[in-house]
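Sequence order for the protein chains is A and B.
If you count the first sequence from 1, position 61 lands on 60 in numbering that gives the first Met the number 0, and the numbers rise without skipping.
If you count the second sequence from 1, position 33 lands on 32 in numbering that gives the first Met the number 0, and the numbers rise without skipping.
Note that beta-carbon positions come from the ideal geometry of N, C-alpha and C, so glycine has one too.
Below: the structure, in structure tokens.
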Amino acid sequence: MAKIPPPLWLLAEVTHSCPLQCPYCSNPLQLVPKKDELDTEGWLKVLHQARKMGAAQLGFSGGEPLVRKDLEVLIAEARKLGYYSNLITSGVGMDAARVEKFRELGLDHIQVSFQADDATLNDYLAGTHAFQHKLDMARAVKASGYPMVLCFVIHRQNTDRVAQMLDLAAELQADYVELATTQFEGWALANRDHLLPTLEQVREAERVAHHYQEKLKGKMKIYYVVPDYYENRPKACVAGWGKVFLAVAPDGLVLPCHSARSLPNLELHNVRDHDLAWIWYESKAFNYFRGEDWMKEPCRTCDEREKDFGGCHCQAFKLTGDPTNADPTCAKSPHHHLIEQAIDTTRLNPNSSKPLLFRKRQNNSNLS
Amino acid sequence: MSVDFKAVPRLAGGYRFQWEEAQQNHVLLYPEGMVQLSDTAAAVLSLCDGKRTVEAIVAQLEEDYETEGLDEDVTQFLMEAEAQGWVKYG
Ligand code: SF4
Ligand code: SF4
């Protein structure tokens, strides 16, 4: 096999705690309890080891990273080590003074996520009153000299409001807006009957996004990607297993992709027991889907395999029972009918009778 | 688009230029992204400090590389860098 490249991207999921309860959350259903989280020393060790290996981009995410009281310590160390650090947040847990502090400590970028463009829908989806505070925080971020980067996670319940979301972003003078399509993992998968948009919705959202991209060219950059369910081809998950991306879960488990915990027979390791470099280069888990030896048909002989590497293994496992199958969002997959069925269900039955499952620890047990 | 020799280029907000030991390359880092830079690109960007004019950057590079007539290369790159949003003026 070719030489293994070093990781460039470290995602530090510092906690699974979150004051919000978004039903589209891609965190695993079994959230890591607070008592099992790495302590400050543990995270500092992760930052040092990954930087030494070559990671340059660092994302603080979760859960809600602002819940960690030691986030300031981690940010300062990240700057010292030469990371470009990104804070991926709901905005709940900071105020203008904390933003200012982050800036002083050398945090490079803050992305604030919104559930919708208006208070009612936003707060319904978040399961808490957060909208007004988010507006304030988006402004505070910009006021302290950062670019304003907003993220709207879109799905069936809010995708008809993409125009209003972009109007709001323009009014706030956002620099970048990401219209992130829900990835059906974790809580989002459990809620798929409520969240998967219809084909008409997807096409309309695409049209609106393109219209605004033209209209606001040079002022606001808008990212919109069609959901993989409607693309007939999978996404190149984490740009290839064990190639550039490395995630560390709240409890120190090291993951090749942030939902890898759900895969069977994958012996994952913890930074408490092993060096990151060993885990990245030597561990079986990280080598499992490296290269192409693991592939079966149709991927094995497909001329697009260098483009998407067979897609998302977690999605393949969740939907087909075997992670070495082609991602079923691919039209060439023999399991593609599973995707078509989900799409049909959405079209024929847009109001699911199942209750919407909000993401909170008590709800773990309501499943299965 | 053209480049004014008296203008003063600087890195756009949110961008960071640095040497990456593991990649043996200069890179430009920005929100959730990174580009590897060619040696020429790195040489020009390292001088986009918000103080030097384009003219001064050309002169500095010509001195460093002991050559002449780099204005074409530099303005070419700066136009591209501006189009990419890496560099701003004033
Ligand atoms: S998606 Fe919502 S619930 Fe999940 S971590 Fe982010 S803010 Fe919290
Ligand atoms: S068959 Fe496999 S490699 Fe080919 S496009 Fe589909 S998922 Fe990708």
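Look at the region 81-112 of chain A: the residues with a C-beta under 8 Å from a C-beta of chain B are Gly81, Tyr83, Asn85, Asp107, His108 and Gln110. With a threshold of 7 Å between beta carbons, Gly49(B) makes no contact with chain A. Around the beta-carbon of Phe183(A), 16 or more other beta-carbon atoms lie within 10 Å, marking it buried. Residue pairing by DSSP puts Asp48(B) in a beta bridge opposite Arg9(B). Exclusion of the five residues before and after Val31(A) leaves His15, Ala248, Pro249 and Asp250 as the residues of its chain whose Cβ lies within less than 7 Å of its Cβ.
Taking the beta carbon of Met52(A) as reference, the chain B residues within 9 Å of it are Ala21, listed in sequence order.
Annotated three-state conformation of Gln200(A) is helix, per DSSP. Closest in alpha carbon position to Gly81(A), among Glu19(B), Lys50(B), Asp3(B) and Val2(B), is Glu19(B).
Leaving aside the five residues that flank Leu252(A) on each side, the residues in its chain whose CB is nearer than 6 Å to its CB run, in chain order, Leu267 and Asn269.
At a C-beta separation below 8 Å, Leu28(B) has these neighbours in chain A: Ala55, Gln56, Tyr83 and Asp107. Runs of alpha helix (DSSP H) with 4 or more residues, each lying fully within the region 81-161 of chain A, are found at 95-104, 118-125 and 130-142, listed in chain order. Contact note: Gly185(A) does not reach chain B at a C-beta cutoff of 9 Å; the least C-beta distance is about 21 Å. The residue from Leu7(A), Val45(A), Leu215(A) and Cys301(A) with its alpha-carbon nearest to that of His273(A) is Val45(A). Following the DSSP letters along the chain, one finds Leu188(A) inside the alpha helix (DSSP H) bounded by residues Gly185 to Ala189. If you ignore the 5 residues before and after Val161(A), its C-beta comes within less than 7 Å of the C-beta of Ile153, Leu178, Ala204, Val207 and Ala208, all in its own chain and listed in chain order. Selection Cys236(A), Tyr229(A), Glu12(A) and Asp94(A) evaluated against Glu305(A) yields Cys236(A) as nearest (Cα-Cα). Secondary structure note for Thr180(A): its beta strand (DSSP E) is the uninterrupted segment Tyr175 to Thr180. Listed along the chain, the chain A residues whose CB falls inside 7 Å of the CB of Arg15(B) are Tyr83 and Asp107.
Annotation: the continuous alpha helix (DSSP H) that includes Phe316(A) extends over His312 to Thr319. If you draw a 10 Å sphere on the C-beta of Val53(B), you find 16 or more other C-beta atoms in it, and that means buried.
As DSSP reads the structure, Arg15(B) sits in a beta bridge with Leu28(B). DSSP places Ser60(A) in the strand class (E or B) of the three-state scheme. In this structure Cys24(A) is in contact with Arg358(A), their Cβ atoms being roughly 4 Å apart against a cut-off of 8 Å. With contacts defined by Cβ atoms closer than 7 Å, Trp42(A) and Phe244(A) do not form a contacting pair. Between Gln156(A) and Leu124(A), the beta carbon gap of about 7 Å places them in contact (Cβ cut-off 8 Å). Trp8(A) has Gln56(A) and Phe244(A) as its beta-bridge partners, per DSSP.
For Cys17(A), the shortest separation between its Cβ and any heavy atom of ligand 2 does not lie below 6 Å. In this structure, the CA atom of Tyr64(B) is about 15 Å from the CA atom of Ser37(B). Under the 7 Å criterion on CB atoms, Met78(B) is classed as non-interfacial with respect to chain A.
Residue pairing from DSSP places Gln35(B) in a beta bridge opposite Val26(B). The three-state reading of DSSP puts Lys359(A) in coil, since its state is none of H, G, I, E or B. For Lys306(A), the secondary structure class from DSSP, reduced to helix, strand or coil, is helix.
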